Amino acid sequence: MDVLATMLSTPTGAGVGLVTVWHYLVLSALLFGIGIVGFLSRRNLIIMFLCTEMMFQASGIALIAFSRFHLNHTGEVFVIFVLTIAAAEAALALALVVLLFRRRETLDASSWAELQG
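Under this note's numbering, the first residue of the sequence shown carries the number 409, and numbering increases by one thereafter.
This is the structure in structure tokens:
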């Protein structure tokens, strides 16, 4: 068994200095929190897009950590689907950002608040 699988499958408190599933979950929660704060506090469309990608990656870390802890590959397979959706979202979001920049020469989200349908 490789070292990472041993560290992930070790119960909490089994050894000092070992990386457990809780370390990965804390990392995932921190990344997700940074993504939410960045998305809500910034008005630049590129930064908002990058923060949503950071939240996708944080959820992927949590899914893989739980998957390795329970020795089940379902979470790892689900991460592949999440990454596929994130790639499609990235392509659409970047195309939208380029279109919006060409129209108004700005990427400030507050200037697009009065969009008309």
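Backbone N, C-alpha and C define an ideal beta-carbon position, used for all residues, glycine too. Everything numeric in this text was worked out from a predicted model, so none of it was measured.
- Exclusion of the five residues before and after Ser436 leaves Ala466, Ser467, Ile469, Ala470, Ala473 as the residues of its chain whose Cβ lies within less than 8 Å of its Cβ.
- For the alpha helix (DSSP H) assignment, the uninterrupted runs of no fewer than 4 residues enclosed by the stretch 420-476 are, from N- to C-terminal side, 429-449.
- With contacts defined by Cβ atoms closer than 8 Å, Phe489 and Met463 do not form a contacting pair.
- Per the Cβ contact rule, the stretch 448-461 is in contact with the stretch 513-521 (3 or more Cβ pairs under 8 Å).
- C-alpha of Leu448 to C-alpha of Trp520: approximately 16 Å in a straight line.
- In the same chain as Gly443, and ignoring 5 residues on each side of it, the C-beta atoms closer than 6 Å to its own belong to Cys459, Met462, Met463, in chain order.
- Excluding five sequence positions before and after Ser475, the CB atoms of its chain that fall closer than 6 Å to its own CB belong to Gly483, Glu484, given in chain order.
- Per DSSP, the unbroken alpha helix (DSSP H) holding Ala503 starts and ends at 482-512.
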